[in-house]
Amino acid sequence: MPNNLHAVFGALSDPTRMAIVERLIREGETSAGDLAQPFAMSKPAISRHLRVLEDSGLVAKRINRQFRMFSIQRAAVNEIGDWIEEQRKFWNASFDRLEAVLEQSETKQK
Amino acid sequence: MTNDRTLTLERQLGATPQAVYDAWTKPELLVQWWGPEGLTTPIHDMDVRPNGAWSTTMVNPDGGKHTCSGVYRVLEPPHRLVFTWAWEQDDGNRGPETQVEISLMANESGTLMRLVQGEFDTAETANQHGFGWNSSFNKLETFVG
Numbered sequence: 010m011p012n013n014l015h016a017v018f019g020a021l022s023d024p025t026r027m028a029i030v031e032r033l034i035r036e037g038e039t040s041a042g043d044l045a046q047p048f049a050m051s052k053p054a055i056s057r058h059l060r061v062l063e064d065s066g067l068v069a070k071r072i073n074r075q076f077r078m079f080s081i082q083r084a085a086v087n088e089i090g091d092w093i094e095e096q097r098k099f100w101n102a103s104f105d106r107l108e109a110v111l112e113q114s115e116t117k118q119k
Numbered sequence: 040m041t042n043d044r045t046l047t048l049e050r051q052l053g054a055t056p057q058a059v060y061d062a063w064t065k066p067e068l069l070v071q072w073w074g075p076e077g078l079t080t081p082i083h084d085m086d087v088r089p090n091g092a093w094s095t096t097m098v099n100p101d102g103g104k105h106t107c108s109g110v111y112r113v114l115e116p117p118h119r120l121v122f123t124w125a126w127e128q129d130d131g132n133r134g135p136e137t138q139v140e141i142s143l144m145a146n147e148s149g150t151l152m153r154l155v156q157g158e159f160d161t162a163e164t165a166n167q168h169g170f171g172w173n174s175s176f177n178k179l180e181t182f183v184g
């Protein structure tokens with residue numbers, strides 16, 4: 010389980026890497042060559058992006074004969090989802106209380 | 040600022056924008072509603088001015104502590120408030136830094152409050168020409184959801 014949200018969020022803050030992640034989620038395991046195809050970018054540049062994604066824990070690499078195969082790591086994606094959900098819950102619960110606090114002070118004024 | 044690419048929440052409140060703004064910026068008011076029901080915020084330090092630091096530590100009924108902190112970026116009473124936000128992790132480090140923008144719009148029933156959270160507050164993202172975590176945010180939510 011990756012425990013470095015910094016690295017995960019950082020990895021996703023780039024449009025190329027985000028597109029790669031989206032594709033891996035949609036299509037499953039894909040070779041480095043296939044992943045590079047939609048981009049007008051050198052192979053080393055794509056490799057660098059894949060390396061960042063791998064280091065963040067968002068994707069895993071497997072060597073299959075001469076191919077480098079990449080796949081998404083569900084745990085890392087879920088971790089982000091959990092973070093967002095926790096944050097949403099925090100605010101909604103806080104706002105419930107804020108509503109009550111404001112109502113009270115309104116009543117006092119009247 | 041409202042798009043589907045960030046964590047956006049809205050809440051209709053029966054009070055003036057000024058009253059809501061005060062609830063965000065006056066510590067004695069903020070601690071009355073900060074965090075889910077049952078939590079208290081015994082420790083807080085809010086330097087409410089641009090680039091002033093803020094920190095709050097909430098305590099569970101069972102004694103568990105949660106600290107979040109950040110820096111005020113924009114203070115425009117009574118309509119707008121922007122600050123950075125990060126949870127302190129179990130290891131004592133700050134978690135991912137995000138930015139929170141609160142907008143308060145007067146309407147006939149009081150104030151429509153909008154919260155938008157996203158966008159990393161780091162030099163790294165500042166260099167990325169507007170594309171940022173913002174765009175990633177909702178996409179990932181849809182993957183997860």
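Residue numbers (the numbering used here), protein chains in the order written: chain R, 10 to 119; chain Y, 40 to 184.
Where a beta carbon is used, it is the ideal one built from N, C-alpha and C, also for glycine.
Apart from the five residues just before and just after Y:L188, which ones in its own chain have a Cβ nearer than 6 Å to its Cβ?
-> As displayed, chain Y neither begins before 40 nor continues past 184, which places residue 188 of chain Y out of reach and without an answer.
8 Å Cβ cut-off: residues of chain R touching Y:E76 | A102, D105 and R106
Within chain R, partners of Y:L120 - CB distance below 7 Å | Neighbours of Y:L120 on chain R: none; closest Cβ ~13 Å, over 7 Å.
State the beta-bridge partners of Y:G149 as determined by DSSP.
-> BP columns for Y:G149 point to Y:N146.
Less than 7 Å between the CB of R:I81 and some heavy atom of the ligand MN, yes or no?
-> Judged by which ligands are present, the structure shown has none, so any question about the ligand MN falls away.
Which residues in chain R sit within 9 Å of Y:L48, going by Cβ to Cβ distance?
-> R97, W100, N101 and F104
Figure out for me which residue from R:R97, R:S51, R:M78 and R:A49 has the closest Cα to the Cα of R:A41.
-> R:M78
Residues of chain R with a CB under 7 Å from the CB of Y:W72: which are they?
-> Simply S103, R106, L107 and V110.
Separation of Y:K65 from Y:S185, as counted between CA atoms = Residue 185 of chain Y cannot be examined here, being either before or after the span of chain Y that is shown, 40 to 184.
For Y:T79, collect the residues of the same chain with a Cβ closer than 6 Å to its Cβ; drop the 5 residues on either side in sequence, then sort them by chain order.
-> The residues are V98.
Going by alpha carbons, who is nearest to Y:G77 out of R:N87, R:R83 and R:R106?
-> R:R106
Partners in chain Y for R:L14, counting only beta-carbon separations shorter than 7 Å | G134 and P135
Run of the alpha helix (DSSP H) containing R:H58, from where it starts to where it stops | K52 to S65
Span of the alpha helix (DSSP H) holding Y:A87?
-> Note on residue identity: the sequence assigns Val, not Ala, to residue 87 of chain Y. Unbroken run through Y:V87: none, as it is neither H nor E.
Skipping 5 residues on each side, what residues in its chain have a beta carbon closer than 7 Å to that of Y:Q167?
-> In this prediction, Y:Q167 scores a pLDDT of 41, lower than 50, which makes its location untrustworthy; the coordinate-derived value is nonetheless stated afterwards. Hits under 7 Å: none found.
Just how far apart, CA to CA, sit Y:W63 and Y:R119?
-> One C-alpha to the other measures close to 10 Å.
Partner residues on chain Y for R:E115, Cβ-Cβ distance less than 7 Å | G53 and A54
Assuming R:A125 contacts Y:P75 under a Cβ cut-off of 8 Å, what Cβ separation, rounded to an integer in Å, is found between them?
-> Residue 125 of chain R lies beyond the stretch modelled for chain R, which goes from 10 to 119, so this question has no answer here.
Near R:M27, which residues of its chain fall below 8 Å by C-beta distance, leaving aside the five closest residues on each side in sequence?
-> Closer than 8 Å at the Cβ level, and outside the excluded window around R:M27, lie L21.
Same chain only: Cβ atoms within 8 Å of R:L67, ignoring 5 sequence neighbours per side = P11, V17, A20, L21, V30, I81, Q82, A85 and V86
Apply the 10 Å Cβ neighbour rule to R:F76 and answer buried if 16 or more other Cβ atoms are within range, or exposed otherwise.
-> exposed
Amino acids of chain R, ordered along the chain, whose beta-carbon sits closer than 7 Å to that of Y:Q156 | Going along chain R in sequence order, the residues near Y:Q156 (Cβ under 7 Å) are Q96.
What's the gap between the Cα of Y:V70 and the Cα of Y:D84?
-> 11 Å
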